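Everything on this sheet refers to the single structure shown next.
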Amino acid sequence: LENYQLSLPFLETDWVFRAFRPLWNLRKIVRKTQQFQPVKCKSPLKHLNSTVVSFLDSAFDNTPIIEHDQPHATKQKPSLASIQVLLPLAGFIAVGLVLTGIIVWRVRANYATTNEEAVTELVSTTVDYPLFVPREGWNALEPTSPPIPIAPALVFVGKHTGGSSCATPAECVARVQEIQREHMEVKGLADISYNFLIGGDGRIYTGRGWGVENEGRNDSVDVALIGDFNIEVPTTEMVFLVRRLENRGPREGGLDYANYWAVNHNQTEPTDSPGAHLFARLASNGYFHYSSAVCYRNVSGGFEVDYQCPP
124 LENYQLSLPF LETDWVFRAF RPLWNLRKIV RKTQQFQPVK CKSPLKHLNS TVVSFLDSAF
184 DNTPIIEHDQ PHATKQKPSL ASIQVLLPLA GFIAVGLVLT GIIVWRVRAN YATTNEEAVT
244 ELVSTTVDYP LFVPREGWNA LEPTSPPIPI APALVFVGKH TGGSSCATPA ECVARVQEIQ
304 REHMEVKGLA DISYNFLIGG DGRIYTGRGW GVENEGRNDS VDVALIGDFN IEVPTTEMVF
364 LVRRLENRGP REGGLDYANY WAVNHNQTEP TDSPGAHLFA RLASNGYFHY SSAVCYRNVS
424 GGFEVDYQCP P
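Take any residue in the sequence shown, note its place counting from 1, add 123, and you have its number in our numbering.
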């Protein structure tokens, strides 16, 4: 789906060979069943004669079944009946191939048109919807202050956005835009607070990206699944994308591979994020380097993050 390419079995490179294979086999059968002129071979024993029949063009390696040195053996020409069988069959196959070509051309043309219209409607025409949708792919607003780079993060945090979920690219683009406006206009943040967001459409939307400081802490990568997972149940695909993103982090320089650990949001501060349903999925099989430690302490009037948890 990433490149909206059509994949059909009859577009493989050997489809022409498979189409003509029945005709080729029929030709060999006809040639084998044709009668041959019997040839009498002179033997050193004058009272013995032998009739030799050679079948040429065997099914696999063209090796005669019975081979003798018979230079005078002759084969009859193909009969009229054989020609009458082969010609209609060849015409039928030719017509079938032409019709197949027309159908393939029409299907590909219609699919390309539909796909182009969908992409144009959803986001800017510079993006072809890869699995990772960059900021320009969802028409992100520019941050109000320059991003602050950080060293490879030590904490990979799973969250949920709360609010409504999304199931299609159009819905998810609109939802990510809405979240960014809320964070910037209502909460007064410089940009959308998450490094990445995962939609129900099976795509990963780039927020702040790798190696950029988040609001409140400078050692984490925050990944938010779009929706309220106290109410909804995350799809298997969304949980898989969390693992895929975590696995990509060290290669992108966004996670300290030797030292990082993965936790859920409510293990770093008192919150109901990522929701009970998502917490259960992520804690059981959602991370590669999961830690069950609770990394904040309740203090008078609030809480205190334990940045050394786990050691």
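By construction, the Cβ of each residue, glycine as well, lies at the ideal position given by its N, Cα and C atoms.
Quick caveat: nothing in here was measured; it's all calculated off a predicted structure.
Determine the contact status of residue i and residue j, defining contact as a CB-CB distance below 8 Å.
i           : j           : result
residue 309 : residue 388 : no
residue 275 : residue 377 : yes
residue 348 : residue 401 : yes
residue 334 : residue 360 : no
residue 318 : residue 299 : no
residue 412 : residue 381 : no
residue 296 : residue 383 : no
residue 353 : residue 406 : no
Check for me: the beta strand (DSSP E) holding residue i runs from which residue to which?
i           : result
residue 329 : 327-329
residue 321 : 319-321
At the level of alpha carbons, what is the spacing between residue i and residue j?
i           : j           : result
residue 428 : residue 336 : 16 Å
residue 285 : residue 224 : 50 Å
residue 321 : residue 415 : 22 Å
residue 282 : residue 265 : 23 Å
residue 371 : residue 228 : 39 Å
residue 305 : residue 220 : 57 Å
residue 375 : residue 331 : 14 Å
residue 363 : residue 323 : 12 Å
residue 254 : residue 213 : 46 Å
residue 393 : residue 410 : 21 Å
residue 307 : residue 350 : 19 Å
residue 404 : residue 329 : 23 Å
residue 290 : residue 368 : 19 Å
residue 341 : residue 226 : 57 Å
residue 315 : residue 262 : 13 Å
residue 288 : residue 373 : 29 Å
residue 260 : residue 419 : 36 Å
residue 357 : residue 338 : 26 Å
Could you pull the DSSP bridge partners for residue i from this structure?
i           : result
residue 385 : 279 and 413
residue 345 : 280
residue 272 : 335
residue 419 : 428
residue 256 : 328
residue 220 : BP columns for residue 220 are empty, so no partner.
residue 439 : With the chain covering only 124 through 434, there is no way to say anything about residue 439.
Are there 16 or more other CB atoms within 10 angstroms of the CB of residue i, so buried, or fewer, so exposed?
i           : result
residue 396 : buried
residue 210 : exposed
residue 257 : exposed
residue 343 : buried
residue 292 : buried
residue 391 : buried
Taking the alpha helix (DSSP H) that residue i belongs to, which residues open and close that run?
i           : result
residue 400 : 399-408
residue 367 : 359-375
residue 297 : 292-304
8 Å is my cut-off, CB to CB: does residue i come that close to chain B?
i           : result
residue 268 : The structure shown contains no chain B, having only a single protein chain.
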